[in-house]
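Every position in the sequence shown, counted from 1, becomes a number in my numbering once 405 is added. Glycine included, every Cβ here is placed at the ideal spot set by N, Cα and C. None of the values given here were measured: they were computed from a predicted structure. Worksheet for the structure shown next.
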Amino acid sequence: MNVLDQPNTMSSFWMPFSANRDFLREPRMIQTAEGMYYTSSDGRKVMDGTAGLWCVNAGHRDPLIVEAVQKQVHELDYAPNFQFSHPQAFELSAKLTAMMPEGMSHAFFTNSGSESVDTALKIALHYHRMRGDGARTRLIGRERGYHGTGFGGISVGGIVKNRMHFGTLLTGVDHLRHTHDPEKNAFSRGCPEHGAELADDLERLVALHDASTIAAVIVEPMAGSTGVLLPPKGYLQRLREICDRHGILLIFDEVITAFGRLGAATASEYFDVKPDIITTAKGLTNGVIPMGAVVVSDKIYASAMENADAPIELFHGYTYSANPVSCAAALATLESYKQNDLFRRAALLSGPWEDQLHSLRDLPNVIDIRNLGLVGAVELAPREGAPGARGYDAMKRAWDAGIMIRVTGDIIALSPPLIISEPEITTLCQTLGEVLVDLP
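Here is the structure:
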């Protein structure tokens, strides 16, 4: 019997970040997936305009990844990585760090972006403590930032609804101003011209708290989940300079931007700005199996090894860190990216992508369009007294029209698999345009 015919079964699953009551009235169920498309429970092909949740960069059911996972399950299903390990963990670490900026040669494996963020924050605190600089305990995030759903992540994050229900969170956290300035930068093509000086907000926090108390600053190079907010030109470079001046670690949350989303292996490479720590997840395994990784600069790893006060250098980890099957999925994913030259493909498609997105600018209720690499956002004017309602309706109508989009409030976010073709880009944007024309 189909699950849709079993109401008790349907209502038993508490869906994350979802309008559960509305979904139960009008379910949007996915049965299969291949390439650029999902198949819905009623047999319709639905183009994946969001790479699942920013993660299926190589497209669905990539045969290389499927075969690797199946083979690994037969050979070694699980091995602990506390005092023991397996070859795939070291092979993956070497191949992953080879894609990172020079001087970032060590990876710590997690199971999600949320865990990667919490791990990065702990490593930053640990680094200062082990160097005898234990007063540096303050963490700096940014307004409208998203860093997962652990208590560390929502503390440094800056999305109100993710924070307001969960108490006082971590203490000793402050936030930079966000970079969104639609009055000056609306309908920018690529990174906006205005706003590099917003990085100087870190100097305000240094003056308030003193640099000697600040351990790290964490930002998304491109803020994704809040609605695709792009860094103004020069902003990240300026932030790096200020962190260097005051001895503060800079963490790039690249859970979304790593693995080709901007047309490069990382946003660090794309913007030519090297942080001290990079968090990853999502595209690491193409969404096939949960996995994340934190890549650290050599100075951080060396400090942990040299200043250890016990045989164990870092009292942190997860049962499923570097799970063999996850490692197999990640190794195959990295190989798929390489064989299909997907990062370069994304870079080449960024021009047609930009043109198609900005062709929607004159549609009703469109107040801004933003794009970078193969990421885009279409911001809609909110309905009076009902913020988010227009965006939510757009998501449901788009599903009915045969495309999957993601919405944050009244912002539509698009991030298709990197295998998308130019004709499919046209279809995706034209279909979205047809949805918006008729959207009240």
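A straight-line Cα-Cα distance of about 21 Å links residue 810 and residue 591. When the beta-carbon positions are compared, residue 685 and residue 664 come within less than 9 Å of each other.
For residue 520, the closest alpha carbon among the candidates 502, 552, 443 is that of 552.
Of 793, 791, 808, 773, the smallest CA-CA separation from residue 784 is found for 773. Collapsing the DSSP output to three states places residue 749 in a helix. Judged by DSSP in its simplified three-state form, residue 425 adopts helix. The beta carbon of residue 836 sits closer than 8 Å to the beta carbons of 452, 803, 806, 807, 808 from its chain, once the five residues preceding and following it are set aside; these are given in chain order. Judged by their CB atoms, residue 732 and residue 422 are not nearer to each other than the 9 Å cut-off. When rounded, the separation of the alpha-carbon atoms in residue 688 and residue 488 is 28 Å. DSSP places residue 454 outside both helix and strand once states are collapsed to three, so it counts as coil.
Measuring C-alpha to C-alpha distances from residue 650 to each of 657, 598, 676, 617 identifies 617 as the nearest.
Straight through space, the alpha carbons of residue 638 and residue 599 are spaced by roughly 7 Å.
With respect to the 9 Å criterion, residue 546 and residue 579 are classified as neighbours on the basis of their beta carbons. In this chain, residue 590 is not harboured by any beta strand (DSSP E); it is covered by the alpha helix (DSSP H) spanning 587-590. The three-state reading of DSSP puts residue 582 in coil, since its state is none of H, G, I, E or B. Here the segment 838-845 makes contact with the segment 755-773; the two share three or more CB pairs at distances below 8 Å.
Counting along the chain, the unbroken alpha helix (DSSP H) around residue 839 starts and ends at 827-842. In terms of Cα proximity to residue 718, the closest of 724, 708, 726 is 708. In the three-state scheme derived from DSSP, where H, G and I count as helix and E and B as strand, residue 697 is classed as strand. Exclusion of the five residues before and after residue 539 leaves 533 as the residues of its chain whose Cβ lies within less than 8 Å of its Cβ. The straight-line gap separating the alpha-carbon atoms of residue 680 and residue 661 is approximately 16 Å. Excluding residues up to 5 positions away in sequence, 632, 633, 775, 816, 818 lie with their Cβ nearer than 6 Å to the Cβ of residue 782 in the same chain. At a cut-off of 4 residues, the continuous stretches assigned as alpha helix (DSSP H) that sit fully inside the segment 469-508 are 492-502. Taking one beta carbon from each stretch, the segment 462-479 and the segment 699-706 have fewer than 3 pairs nearer than 8 Å; the two do not touch. Under the three-state reduction of DSSP, residue 760 is assigned to helix. In the assembly as shown, residue 706 is a buried residue. Its beta-carbon has 16 or more other beta-carbons within 10 Å.
Residue 426 has its alpha-carbon roughly 42 Å from the corresponding atom of residue 753.
Between residue 557 and residue 523, the C-beta gap is smaller than 9 Å, which places the two residues in contact. Residue 570 carries a coil assignment under DSSP once its states are collapsed to helix, strand and coil. Secondary-structure assignment with DSSP links residue 655 through a beta bridge to 622. When C-alpha distances from residue 496 are compared across 565, 728, 655, 443, the shortest belongs to 728. Its chain contains 579 as the residues whose beta carbon lies nearer than 8 Å to that of residue 613, once the 5 sequence neighbours on both sides are disregarded; these appear in chain order.
CA-CA distance, residue 635 to residue 779, rounds to 13 Å. Per DSSP, the continuous alpha helix (DSSP H) segment holding residue 797 begins and ends at 794-806.
Its Cα nearest to that of residue 449, the residue 437 stands out among 437, 455, 457.
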